[in-house]
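Student: The structure follows.
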Amino acid sequence: MHSAAAKRDVIPRTVPLSSLAMRLKPGVSLERAQAALREALNLLMNAQSGQRYESAWQTYAVAIDQALPHLAVFAEPSLADALLSPTYWHLFPIAGIGPEANRVVYRELRTQIEALERAEAELEKLKQYAEHPGAPVVLDTNILNWWDQPHTINWQQLFKDEGIVAPLARLVVPLVVIEELDRQKYGDGLLAKRAATAIRYLDRKLTGVVPGTPVELTKHATLEVSLDQLPHPSGVDADLRILTCAADLDQLLPDAGTRVLTDDTNMRLRAAHMALRTLRLPENHRKPGTAMSGT
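For the record, in the sequence shown the residue sitting at position 56 is 80 according to our numbering, with numbers rising by one throughout.
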């Protein structure tokens, strides 16, 4: 049985509202998403503040219809689908019938406005997360198991050798990597030892740090746990979740040059299929005793 102390590690106890629990559709920038969400909010707030048509229901229905295209920029959660709530559909049979129907309409408008205001706050926090400095480098699990610890690597020289122009490496550990290491450390053999070492390393560097907050490793590198909180369909493998984390950052920061740091050939091929760039460490950073290390 695993002890409570053994499970302490670096998996966050509490997750703040800010997270990647909001995903934009491909090609949509944060600025465009913010403008679209604000326009949708304004439409609903205007409907709430004054009746422009013959009935409150008609004012409400027109506002919803006009807001839907603006919210189409969001992939997850689908804010557009959320506007078409069960209450929205239940209002059709009583549209414009008596004061009670009007009260239901305005109550639903308040509910939808509050939901969009929460989404707006979430989007602002996501923007703040995206603005952390550095070129994002998403770590694969094998990097933490079989390669030198991140603080020992000369990231400035590595970037220079790879033609990457950035003064700072922003190292991002997806939550699924922590989950994988946690499973691996309870096995047998060298992998279990390496995974336990990696978990202890992350624990020392990141415990008590709010997810998504970078900590300084060196003058030229920071380390953080990703904010990937979106549920993944059952059966989605860990590699795809790591690549999705990188793809999310790449979309949020199209000019930052997000890369996946991996030694796995299959991972590099899958990254290329998703139009993601990859990065490899020089062989001198491979731990002794590791396959292909020559020892």
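Built from N, CA and C at the ideal position, the CB exists for glycine as well.
Output yes or no for whether 9 Å exceeds the beta carbon distance between Leu285 and Val189.
Tutor: Your numbering for residue 285 matches position 261 in the sequence shown. Your numbering for residue 189 matches position 165 in the sequence shown. Not closer than 9 Å, so no.
Student: Take the Cβ of Pro235 as the centre, count every other Cβ of all protein chains shown within 10 Å, and call the residue buried at 16 or more, exposed below.
Tutor: The sequence position of residue 235 within the sequence shown is 211, counting from 1. Burial call: buried.
Student: Buried or exposed: Arg32, going by 16 or more other Cβ atoms within 10 Å of its Cβ?
Tutor: Start at 1 with the first residue of the sequence shown, and residue 32 comes out as number 8. Caution is warranted here: a pLDDT of 38 is assigned to Arg32, below 50, making its placement in the model unreliable, and the coordinate value is therefore given only provisionally. The residue is exposed, with fewer than 16 neighbouring Cβ atoms inside 10 Å.
Student: For Pro306, which residues from the same chain have a beta carbon less than 7 Å from its beta carbon, with the 5 sequence-adjacent residues on both sides left out?
Tutor: As a first step, residue 306 is located in the sequence shown; it is residue number 282 there, counting from the start. Around Pro306: no qualifying Cβ.
Student: Taking DSSP as the reference, what is the three-state secondary structure of Ala219?
Tutor: Indexing the sequence shown from 1 puts residue 219 at position 195. Secondary structure of Ala219 (DSSP, three-state): helix.
Student: Measure the CB-CB distance between Leu241 and Leu195 and report whether it falls below 9 Å.
Tutor: Numbered from its first residue, the sequence shown carries residue 241 at position 217. Numbered from its first residue, the sequence shown carries residue 195 at position 171. Yes.
Student: Where do the N-terminal and C-terminal ends of the alpha helix (DSSP H) with Val200 fall, by residue?
Tutor: Position 176 of the sequence shown holds residue 200. Looking at the DSSP string, the run of the alpha helix (DSSP H) that includes Val200 is Leu199 to Gln208.
Student: Looking at Leu48 and Ala106, is the spacing between their C-beta atoms short of 9 Å?
Tutor: Here residue 106 is taken as the residue at index 82 of the sequence shown, counted from 1. Here residue 48 is taken as the residue at index 24 of the sequence shown, counted from 1. No, the Cβ-Cβ distance between Ala106 and Leu48 is not below 9 Å.
Student: Please report how far the alpha carbon of Leu277 lies from the alpha carbon of His297, in whole angstroms.
Tutor: Position 253 of the sequence shown, counted from the first residue, corresponds to residue 277. Position 273 of the sequence shown, counted from the first residue, corresponds to residue 297. Cα to Cα, the separation comes out at about 19 Å.
Student: With DSSP as the reference, please indicate the residues paired to Ala245 in a beta bridge.
Tutor: One-based indexing of the sequence shown puts residue 245 at position 221. The partner list for Ala245 (beta bridge, DSSP) reads Ala193 and Thr242.
Student: Measuring straight from C-alpha to C-alpha, what distance separates Pro198 and Asp185?
Tutor: Taking the sequence shown and counting its residues from 1, one reaches residue 198 at position 174. Taking the sequence shown and counting its residues from 1, one reaches residue 185 at position 161. Pro198 and Asp185: Cα-Cα distance of roughly 25 Å.
Student: Out of Phe183, Glu144 and Leu267, which one is the CA nearest neighbour of Trp201?
Tutor: The residue labelled residue 201 in the question sits at position 177 within the sequence shown. According to the sequence provided, residue 201 is Val. The question's Trp does not apply to it. Among Phe183, Glu144 and Leu267, the Cα nearest to that of Val201 is on Leu267.
Student: Return the residue from the list Pro110, Tyr130, Leu115 and Arg62 that minimises the CA-CA distance to Ala145.
Tutor: Indexing the sequence shown from 1 puts residue 145 at position 121. Checking every option, the nearest Cα to that of Ala145 belongs to Arg62.
Student: Applying the 10 Å Cβ sphere with the 16-neighbour rule, what's the burial state of Thr135?
Tutor: The count along the sequence shown starts at 1 and reaches residue 135 at position 111. Per the 10 Å Cβ criterion, exposed.
Student: Could you tell me the alpha carbon to alpha carbon distance between Ala96 and Ser53, rounded to whole angstroms?
Tutor: Translated into the one-based positions of the sequence shown, residue 96 becomes position 72. Translated into the one-based positions of the sequence shown, residue 53 becomes position 29. Distance between the alpha carbons of Ala96 and Ser53: 13 Å.
Student: At what residues does the beta strand (DSSP E) containing Ala99 begin and finish?
Tutor: Taking the first residue of the sequence shown as 1, we reach residue 99 at position 75. It spans Phe98 to Glu100 - the beta strand (DSSP E) in which Ala99 sits, taken as one unbroken run.
Student: For Ala29, I'd like the list of residues in its chain whose CB is within less than 7 Å of its CB, leaving aside the five on either flank, ordered along the chain.
Tutor: Counting from one through the sequence shown, the residue named residue 29 turns up at place 5. Because Ala29 carries a pLDDT of 39, less than 50, the predicted location of this residue cannot be relied on, and no value is offered for it.
Student: Here's the rule: buried if 16 or more other CB atoms are within 10 angstroms of the residue's CB, otherwise exposed. What is Trp113?
Tutor: Working through the sequence shown from its first residue, we reach residue 113 at position 89. When all chains shown are included, Trp113 counts as exposed.
Student: Give a yes or no on whether the C-beta atoms belonging to Trp171 and His244 are separated by under 9 Å.
Tutor: By one-based count along the sequence shown, residue 171 stands at place 147. By one-based count along the sequence shown, residue 244 stands at place 220. No, these two residues do not count as a Cβ contact at 9 Å.
Student: With distances taken between CB atoms, is the gap from Leu115 to Val128 smaller than 9 Å?
Tutor: Residue numbering aside, residue 115 sits at position 91 when the sequence shown is read from its first letter. Residue numbering aside, residue 128 sits at position 104 when the sequence shown is read from its first letter. Going by C-beta atoms, Leu115 is nearer than 9 Å to Val128.
Student: Helix, strand or coil for Val284, going by three-state DSSP, please let me know.
Tutor: What you label residue 284 is simply residue 260 of the sequence shown in a count that begins at 1. Reduced to three states, the DSSP call for Val284 is strand.
Student: With a threshold of 16 other CB atoms inside 10 Å of the CB of Gly74, please say whether the residue is buried or exposed.
Tutor: Position 50 of the sequence shown, counting from 1, holds the residue named residue 74. Result: exposed.
Student: How big is the Cα-Cα spacing for Leu108 and Leu300?
Tutor: Here residue 108 refers to the residue found at position 84 of the sequence shown. Here residue 300 refers to the residue found at position 276 of the sequence shown. Distance between the alpha carbons of Leu108 and Leu300: 35 Å.
Student: Within its chain, find whatever has a CB closer than 7 Å to the CB of Arg37; leave out the 5 residues flanking it on each side and keep chain order.
Tutor: As a working mapping, residue 37 is identified with position 13 in the sequence shown. Interpretation of Arg37 is limited by its pLDDT of 29, a score under 50 that renders its predicted location unreliable; no figure is taken from the coordinates.
Student: Where does Pro160 sit, in a helix, a strand or coil, going by DSSP?
Tutor: Sequence index remark: in the sequence shown, residue 160 carries index 136 (1-based). Strand.
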